[in-house]
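Okay, structure first, notes after.
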Amino acid sequence: MRKTFLAGMAAAMMAFGAINSAAVSNAAPDPSYVAGQIMVKFRDNGAAAGVLRQHGLSEGPGIGSTGAHLITVPAGRELHLIEALSRNPAVEYAEPDHVVTAATADEYFPSQYALQNDGQSFTNTAGTLTVAGGKADADVDAVEAWGVTTGAGIRVAVLDSGVANDNPDIHPKVVAHANFTNGETGDDNYGHGTHVSGIVAATKDNAVGVAGTCPGCSILDGKVLNDSGVGSSSSLSNGINWAMNNGAKVINMSLGVRSSRTLESAVNNAWNKGAVLVAAAGNGGNQTKIYPGAYANVIAVAATDNNDAKASFSTYGASWVDLAAPGVNVYSTFPNHSFVLEKNGRAWGYDVGNGTSMSSPIVAATAALVWSSNPGATPTSVRAKVETTADRISGTGTYWAHGRVNADRAVR
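Residues 393 to 804 in my numbering are what the sequence shown spells out, letter by letter.
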């Protein structure tokens with residue numbers, strides 16, 4: 393048996409280095425933002441060229457529908473130029489292009505208690521982890537929800553590291569791809585996006601692999617994290633805009649970044665155009681806000697285990713974390729080409745994952761189930777259904793506002 397681990401996954405949010413720039417600078421790079429670019433929004437776009445020219449800069453491409461532009465600057469001078477531009481009355485705001493990272497807790501990725509918990513214990517596919525039996529019914533009642541709907545083709549955008557083209561349990565569910573990273577193929581060579589997508593919509597009843605929480609859903613695969621699991625506020629904002637232009641009813645973001653007015657604008661535009669947005673609350677084990685989860689128009693999701701207890705790593709705080717969902721030892725799909733378990737000569741692209749990254753897609757999939765059972769719904773009514781029908785488990789009102797999500801109650 394051989395196991396190749398996915399490199400680079402870490403529990404700490406925003407801990408990855410920034411994407412390298414071709415520009416030369418003696419200044420030490422700040423790993424919290426992308427070197428060599430900033431985001432600027434002008435009050436009058438007609439003045440943009442002149443203002444930028446004063447600082448030796450040129451106009452850059454628009455960022456989705458936010459009205460902001462991505463401006464190339466000398467590496468090491470990002471903050472200086474942001475300060476200088478912000479003083480110009482023609483500039484509404486200028487800000488860093490913060491680094492976005494995946495919200496995964498560790499590298500060990502087995503059975504699907506999250507969908508139906510009978511108190512079972514299980515061992516992961518590699519035989520390296522045994523999970524003790526949990527609390528019966530500490531699950532999201534997905535199997536019961538499927539008696540009402542399995543998703544009816546509702547489009548869920550997964551803005552992540554891509555979806556592997558070699559896992560037959562999830563790749564056929566992808567109806568559109570887009571790559572917003574630099575110098576990467578559209579495939580998932582990191583594994584995070586494939587795992588998240590499988591939690592949403594892996595095919596059920598096909599005699600192999602796993603079932604997604606919304607197995608009848610379709611996936612919009614927006615690659616905003618590169619093959620090291622790193623992206624930027626601008627790539628995420630562009631991904632949100634692309635998702636809306638391709639019919640997303642739900643957008644899942646199992647990632648974290650610092651606050652950005654450009655990103656918040658992209659989130660608000662998507663909400664106003666009719667999407668429900670869901671994001672990971674983070675894995676800091678504290679109450680520190682991360683974004684986009686902490687924005688008002690995003691459902692922030694904390695992680696629970698198979699006993700309905702808060703995961704030790706999960707970020708929490710009922711003032712901004714809305715819901716909880718299973719995020720410990722959640723079983724799902726992986727790329728066969730980068731996370732391979734050989735058993736009887738066959739590659740198995742399945743294992744468990746830990747993190748609020750795993751919790752968020754369960755809530756996103758539940759929102760999609762609600763959309764499919766209420767075709768005339770609005771984002772406000774779908775969000776209300778998902779939140780008000782949650783099970784008020786221990787920690788509700790302290791760790792999260794509404795409880796642990798319950799898909800069956802949400803669709804009825």
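Ideal Cβ placement from N, Cα and C applies to all residues, glycine included.
Cβ-Cβ distances below 6 Å link Ala441 to Glu451 in the same chain, with the five nearest sequence neighbours on each side left out; the list follows chain order. Contact between the region 536-544 and the region 614-634 is absent: fewer than 3 CB-CB pairs across the two stretches fall below 8 Å.
Under the DSSP assignment, Gly585 falls in the alpha helix (DSSP H) whose first and last residues are His584 to Ala593. Relative to the Cα of Gly648, the nearest Cα in the group Val492, Val483, Gly459 and Lys433 belongs to Val492. Annotation for Asp800: Asp533, Glu536 and Ala537 place their beta carbon closer than 6 Å to its own, counting only its chain and skipping 5 residues before and after. The region 605-612 makes no contact with the region 477-492: fewer than 3 CB pairs, one atom from each, lie closer than 8 Å. Listed as beta-bridge partners of Met431 by DSSP are Leu462 and Glu487.
Look at Ile611 here: in three-state DSSP terms it is strand.
Burial is judged here by how many other beta carbons sit within 10 angstroms of a residue's own beta carbon; His472 has fewer than 16 and is exposed. Between Asn638 and the set Ser652, Glu656 and Ala667, the nearest pair of CA atoms involves Ala667. Thr541 sits close to Leu761, with the two beta carbons spaced by under 8 Å.
Under DSSP, Arg796 forms a beta bridge with Ala716 and Asp783.
At a cut-off of 3 residues, the continuous stretches assigned as beta strand (DSSP E) that sit fully inside the region 742-787 are 742-745. DSSP, reduced to helix, strand and coil, places Ser625 within a helical segment of the structure shown. Comparing alpha-carbon positions, the option among Ala673, Tyr742, Trp712 and Ser457 lying closest to Ala694 turns out to be Ala673. Counting every other CB atom within 10 Å of its CB across the protein chains shown gives Gly583 a total of 16 or more, marking it as buried. Annotation for Val670: the continuous beta strand (DSSP E) segment containing it runs Val668 to Ala672.
Taking 8 Å as the cut-off, the Cβ atoms of Lys433 and Glu484 count as close. Taking C-beta atoms as the reference points, Pro753 and Val588 count as a pair closer than 8 Å. In the DSSP assignment, Ser724 is bridged to Asp743. Closest in alpha carbon position to Gly511, among Gly614, Asp743, Gly526 and Thr520, is Gly526. A distance below 8 Å separates the beta carbons of Glu487 and Ser652. In the three-state reduction of the DSSP assignment, Ala518 falls in the coil class, being assigned neither a helical nor a strand state. Judged by DSSP secondary structure, Ile691 falls within the beta strand (DSSP E) whose first and last residues are Val690 to Thr696. Collapsing the DSSP output to three states places His729 in coil. Per the DSSP secondary-structure output, Arg547 pairs in a beta bridge with Ser610. Counting only residues of its own chain and dropping the five nearest sequence neighbours on each side, Ser457 has a CB closer than 6 Å to the CB of Asn633 and Asn661. The region 761-776 and the region 590-601 do not touch, with fewer than three beta-carbon pairs separated by less than 8 Å. For Ala570, the three-state secondary structure derived from DSSP is strand. The criterion of a C-beta distance shorter than 8 Å is satisfied by Thr758 and Val797.
Here Asp552 really is in contact with Gly585; their C-beta atoms are around 3 Å apart, less than 8 Å.
Boundaries of the alpha helix (DSSP H) around Glu470: Glu470 to Ser478.
With respect to the C-alpha of Ser503, the residue from His569, Ala603 and Asn574 having the closest C-alpha is Ala603. Sequence-distant Cβ neighbours of Arg650 in its own chain, meaning closer than 6 Å and more than five residues away, are His490.
Under DSSP, Val523 forms a beta bridge with Phe514. Per the coordinates, the alpha-carbon of Ile785 lies some 6 Å from the alpha-carbon of Gly795.
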